[in-house]
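Undergrad: Mind looking over this structure? Questions follow.
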Amino acid sequence: MGLDKVRMTPCGFCFVEYYNHDNALDCLRYISGTKLDDRFIRVDLDPGFREGRQFGRGRHGGQVRDQYRTEFDAGRGGWAPSMDQDAGRAERNYSAQYSTSGTKRKRYEDDEDEDGDQHDAKRQSRRTY
1 MGLDKVRMTP
11 CGFCFVEYYN
21 HDNALDCLRY
31 ISGTKLDDRF
41 IRVDLDPGFR
51 EGRQFGRGRH
61 GGQVRDQYRT
71 EFDAGRGGWA
81 PSMDQDAGRA
91 ERNYSAQYST
101 SGTKRKRYED
111 DEDEDGDQHD
121 AKRQSRRTY
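Read in order, the letters of the sequence shown correspond to residues 1 to 129 in UniProt numbering.
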């Protein structure tokens, strides 16, 4: 059974070994696409073992397919891991740019002096000679 390498919990796939290639092809032909507990079974032939593949293959420890999911699926742990991170990143970027009143924060680099040049006083005062 495939494990999420971060949480060490089942991540929705397993490996089945067959005695011969024809039996594996029969499984692919007859079992793939059937339903079990309201979920479709997907059967793929595995190219073989490589070190590091004993856990989930995706960046976040689970299946690669789950990283590209766009809908919420409680049976697969909720939102896709990358979507959770994107949402958090967008929230952090928004909060860094806007004050609690909703007005856009002025960046120090946006300040200009009378000559129209960007204000440099803080940077110059930090220099050590």
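Just so it is clear, CB atoms sit at the ideal spot from N, CA and C, and this is done for glycine as well.
Using C-beta distances below 7 Å, list every residue in its chain close to V43, excluding the 5 sequence neighbours before and after it, in chain order.
TA: C27, L28, I31 and S32
Undergrad: DSSP puts R39 in a beta bridge; with which residues?
TA: L36
Undergrad: How many Å lie between G12 and Y18 at the Cα?
TA: 20 Å
Undergrad: Under the rule that 16 or more other beta-carbon atoms within 10 Å means buried, what is D4, buried or exposed?
TA: buried
Undergrad: What is the rounded straight-line gap between the Cα of N20 and the Cα of M8?
TA: 31 Å
Undergrad: CB-CB under 6 Å to T34, same chain, minus the five flanking residues each way: which ones, in chain order?
TA: Residues I41 of the same chain have their beta carbon placed closer than 6 Å to that of T34, with the five preceding and five following residues left out of the count.
Undergrad: Taking just the CA atoms, how far does F15 sit from D46?
TA: If I take the Cα positions, the gap works out to 8 Å.
Undergrad: Among the residues of its own chain, which have a CB less than 7 Å from the CB of D24, if the five just before and after it don't count?
TA: It should be pointed out that residue 24 corresponds to Ala in this sequence rather than to Asp. Hits under 7 Å: Y18 and L45.
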